[in-house]
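Protein chains in written order, with the working numbering: chain A, 21 to 382; chain B, 1437 to 1662. Where is the CB? At the ideal position from N, CA and C, for every residue including glycine. To start, the structure itself, in structure tokens.
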């Protein structure tokens, strides 16, 4: 598919994408407002692109040049919305039967009971859709869409509201279903964990453009572009200038400028000579923290500093440490307690060379 | 000094016919108002709402003119049925439909517009035509608005006066409704009769509305939801 869409209510936003997806999971990843839902709406036919074309295999759903715009109901694009959109005035079974009106009674009954079994919701069949729990609603919404045998499946953060174990079970069921059917599945999320759990292929959208694509590992573990890095959870991003290149060691020395003066970091070797500018990203979870000067380490970067703030969020502690530049470090509760960390305490930060990611500025 | 039961049955008959007709005619108009993206839509909305602000005599006057022998509508009707529309029950029905149109269409449109757009989209992606989506999703979820619209147009027709007087005149058993009967009695200084008839009308309307709203557990909604 290849389309452009300008939104009527925001002239500055332009969705401009071109991609092919293979059968199987493709994760659409990006911050809110990146255009993920608009993209799915274009494929489903709920939003009409300004230019371009959308095809499933050889079947043309939309072609601006030909003036072809297939009705939503004829596209065979299964769509599970973020709010699920179960019909509240119907039972679970009626919801699932809704897309099967064209079938004979016998076949419809068979399809319904098969999907109720597959998604483990048979016991809910007669319950009103408005009376079932969040996890159950997700299963019903998936079942209602999948039972119609779509040619492409569009999932808009269908699991966003679920707890991790429920989510994992539903993902397993989806995987099983997909093994049997092998259709393209576009899965929208802004959760990094879901990308790794599902992804065979990931497309990163930012401000309506595709900024990266590949396997989750390629795209999110070693991002080439800063916007991807922010999405992929790099809490620390700095401007850096290459000071010296050490091809024999496979490293660069990079100078990052902080409020308290420059800090030198050893980073992996990338293309670009001394003086070239990069952004340096470091995950807060990749930084070690020591309360005395560490010795005999393989890690090349040891930065002395002081704790500026400590804040607990869920089960992690977020420490901000001033080492002339301010770095965010994530620790466990146990680490905070056994090291007796407190604001103002002198600490050393240890950062492996390969935990420093160099990126082009977006 | 007796109650004119003929006027009562005539008024009831008129109100029932008008509210049922408005349920049928009002649905497509309300659907269009709720979902059209046409840029001049507000003009249509304004026209539909006109009977709320216009004096009934103005509306009645134009209906009378439109139904008369000088227009194609009036001539066509006369050619078809052999008599003119003005001062007949059918003329009364037409006038009343126009007069009560906004009281049906606005609650309908408001409740259609309040249906979650994602439900409508879900229905379409599951292969349903707009017509099926309307009858399976939009209408069932708009039942309170539909009841409100029908109840309001029923009550509004029960109590109308100006349009009836202009279009129907005062022919017993044909166009003489309760409100005109009351007016007549007051003109004839029959205050006791007027009082009895008026009281009965109040009770009847109250009973009908009370039944309808007891079935409809939603606050009174007349205006559009936007």
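If only uninterrupted alpha helix (DSSP H) runs of at least 4 residues are considered, those enclosed by the region 1573–1598 of chain B are 1579–1594.
The beta carbon of residue 1537 of chain B sits no closer than 8 angstroms to any beta carbon of chain A. In the structure shown, the three-state DSSP call for residue 125 of chain A is helix. Taken through DSSP and simplified to helix, strand or coil, residue 272 of chain A comes out as strand. With contacts defined by Cβ atoms closer than 8 angstroms, residue 369 of chain A and residue 323 of chain A form a contacting pair.
Residue A/122 holds the alpha-carbon nearest to the alpha-carbon of residue 1564 of chain B among A/151, A/147, A/122. Chain-order list of chain A residues neighbouring residue 1584 of chain B: empty, with the shortest C-beta distance near 18 angstroms, by a criterion of under 9 angstroms. Secondary structure of residue 337 of chain A (DSSP, three-state): strand. Burial check for residue 207 of chain A: the Cβ neighbour count within 10 Å reaches 16 or more, so the residue is buried.
Taking 8 angstroms as the cut-off, the Cβ atoms of residue 304 of chain A and residue 350 of chain A count as close.
With respect to residue 345 of chain A, residue 276 of chain A sits close: the two C-beta atoms are nearer than 8 angstroms. No Cβ-Cβ contact shorter than 8 angstroms links residue 100 of chain A with residue 194 of chain A.
Sixteen is the threshold: since fewer than 16 other Cβ atoms of the shown chains lie within 10 Å of the Cβ of residue 1553 of chain B, the residue is exposed. Annotation: the region 158–182 of chain A contains the following complete segments of the beta strand (DSSP E) (minimum length 3 residues), in chain order: 172–176. Within the same chain, 261 come within 6 angstroms of residue 297 of chain A by CB-CB distance, once the 5 residues on both sides are set aside.
From the listed residues A/221, A/67, A/342, the smallest Cα separation to residue 364 of chain A is found for A/342. Counting along the chain, the unbroken beta strand (DSSP E) around residue 204 of chain A starts and ends at 204–209. Taking the CA atoms as reference points, residue 93 of chain A sits about 18 angstroms from residue 163 of chain A. In the DSSP assignment, residue 285 of chain A is bridged to A/274. Think of a sphere of 9 angstroms around the beta carbon of residue 1576 of chain B: the chain A residues whose beta carbon falls inside it are 107, 109, 110, in chain order. The Cβ of residue 1554 of chain B sits closer than 8 angstroms to at least one Cβ of chain A.
Chain B has no Cβ within less than 8 angstroms of the Cβ of residue 149 of chain A.
Closest in C-alpha terms to residue 308 of chain A, from the list A/299, A/373, A/271, comes A/373.
Taking a C-beta distance under 8 angstroms as the contact criterion, residue 1601 of chain B and residue 1496 of chain B qualify as a contact pair. Residues of chain A with a Cβ closer than 7 angstroms to the Cβ of residue 1573 of chain B are, in chain order, 107. Residue 1631 of chain B counts as exposed, since fewer than 16 other beta carbons sit within 10 angstroms of its beta carbon. Between residue 288 of chain A and residue 301 of chain A the beta-carbon gap is near 12 angstroms, outside 8 angstroms, which marks them as no contact. The beta-carbon of residue 256 of chain A is placed no less than 8 angstroms from the nearest beta-carbon of chain B.
The criterion of a C-beta distance shorter than 8 angstroms is satisfied by residue 361 of chain A and residue 327 of chain A. Distance from the CA atom of residue 1540 of chain B to the CA atom of residue 1584 of chain B, rounded to whole angstroms, is 8 angstroms.
Among the CB atoms of chain A, one or more fall inside 8 angstroms of the CB of residue 1565 of chain B.
For residue 356 of chain A and residue 338 of chain A, the gap between their C-alpha atoms comes out near 10 angstroms.
Residue contact with chain A for residue 1561 of chain B: present (Cβ-Cβ distance below 8 angstroms to some residue of chain A). Note on residue 1643 of chain B: under 16 other CB atoms within 10 angstroms of its CB, so exposed under the neighbour-count rule.
Distance check between residue 1505 of chain B and each of B/1638, B/1514, B/1542 places B/1514 closest, using alpha-carbon atoms only. Per DSSP, reduced to three states, the secondary structure at residue 1546 of chain B is helical.
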